[in-house]
Amino acid sequence: ETGVTQSPTHLIKTRGQQVTLRCSSQSGHNTVSWYQQALGQGPQFIFQYYREEENGRGNFPPRFSGLQFPNYSSELNVNALELDDSALYLCASSLDPGGGGGELFFGEGSRLTVL
Amino acid sequence: DQQVKQNSPSLSVQEGRISILNCDYTNSMFDYFLWYKKYPAEGPTFLISISSIKDKNEDGRFTVFLNKSAKHLSLHIVPSQPGDSAVYFCAATSHGSGNTGKLIFGQGTTLQVKP
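Line by line, the protein sequences are chains A and B.
Counting along the first sequence from 1, when you hit position 43 you're at 43 in our numbering, and nothing is skipped either side.
Counting along the second sequence from 1, when you hit position 92 you're at 1092 in our numbering, and nothing is skipped either side.
As structure tokens, then:
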């Protein structure tokens, strides 16, 4: 059984650029959620994908978008990067979109630095 | 609007003693609460959870207590071990209609267990 994997682990971008982060969900999981964790803060929900469609969104602007593929892997895209987008981006997979028991399985995260 | 708060950024305890981590919430709609543990350079891992219909849940050395009237929960670790040193996040969710399994996290408490 493979866990949640994310790529890249670290990356540096400049303001105004675009970034794509990738996530492979844990085997057997059909739901992927993305969280942003700023320094010293807890993770904040960005959105969730289920059956290749967005299934709930947090308080993030439209320049944060995503995709889910038939194999349940997912991408997070951020356009027009701002300095405040610097954070750890966590992908989490789960067995079902309702969160079931709420148990999410997280990847190690992608550390984005915007200069 | 911080719906889940962990007011102690850090906690230091001696090995073998009890660690008590606290969490407060404001949203009465939350009906499921979780604790996650995070080591550096790793994603958060699920530790223990509790439904709002219970006031206590125990799993080995870990016990979570829920006081709904006070909107407060706590995680007890007994006995504490050096390997428990990590950042602990409290999280909450609502399983109401339309819920997407979105978790609301607190800011985290860094626990250090000294040998």
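Ideal Cβ placement from N, Cα and C applies to all residues, glycine included.
Task: residue 1097 of chain B to residue 79 of chain A span [Cα, whole Å] - done: Here the question's residue 1097 of chain B lines up with position 97 in the second sequence. Here the question's residue 79 of chain A lines up with position 79 in the first sequence. Unreliable positioning characterises residue 1097 of chain B in this predicted model, as indicated by a pLDDT of 46, which lies under 50. The coordinate reading is nonetheless provided below. Taking the straight line joining both Cα atoms gives about 32 Å.
Open item on the list: With a threshold of 7 Å between beta carbons, is residue 1058 of chain B in contact with chain A?
Closed with: For the purposes of this step, residue 1058 of chain B is taken as the residue at position 58 of the second sequence. No - not a single Cβ of chain A is within 7 Å of the one on residue 1058 of chain B.
- [ ] Taking only the alpha-carbon atoms, compute the straight-line gap between residue 1035 of chain B and residue 115 of chain A and give it to the nearest angstrom.
- [x] The residue labelled residue 1035 of chain B in the question sits at position 35 within the second sequence. The residue labelled residue 115 of chain A in the question sits at position 115 within the first sequence. The straight-line gap from Cα to Cα measures roughly 33 Å.
- [ ] Mind checking which residues open and close the beta strand (DSSP E) that includes residue 18 of chain A?
- [x] As a working note, residue 18 of chain A is residue 18 in the first sequence. First-last for residue 18 of chain A: undefined, no H or E at that position.
Task: Enclosing beta strand (DSSP E) for residue 33 of chain A [first to last residue] - done: Here residue 33 of chain A refers to the residue found at position 33 of the first sequence. Start and end: 31-37.
- [ ] Would you check if the stretch 1006-1017 of chain B and the stretch 1079-1092 of chain B touch, i.e. whether three or more CB-CB distances between them fall below 8 Å?
- [x] Contact holds between the stretch 1079-1092 of chain B and the stretch 1006-1017 of chain B, because three or more Cβ pairs, one in each stretch, are under 8 Å apart.
Task: Opening and closing residue of the beta strand (DSSP E) in which residue 75 of chain A lies - done: Indexing the first sequence from 1 puts residue 75 of chain A at position 75. Counting along the chain, the beta strand (DSSP E) containing residue 75 of chain A begins and ends at 74-78.
Task: Residues sharing a beta bridge with residue 1087 of chain B, DSSP - done: In the second sequence, the residue the question calls residue 1087 of chain B occupies position 87. As DSSP reads the structure, residue 1087 of chain B sits in a beta bridge with B:1038 and B:1110.
Task: Proximal chain A residues relative to residue 1030 of chain B, where beta-carbon distance stays under 7 Å - done: Position 30 of the second sequence, counting from 1, holds the residue named residue 1030 of chain B. Those do not exist, as residue 1030 of chain B stays about 11 Å from chain A at its closest Cβ, beyond 7 Å.
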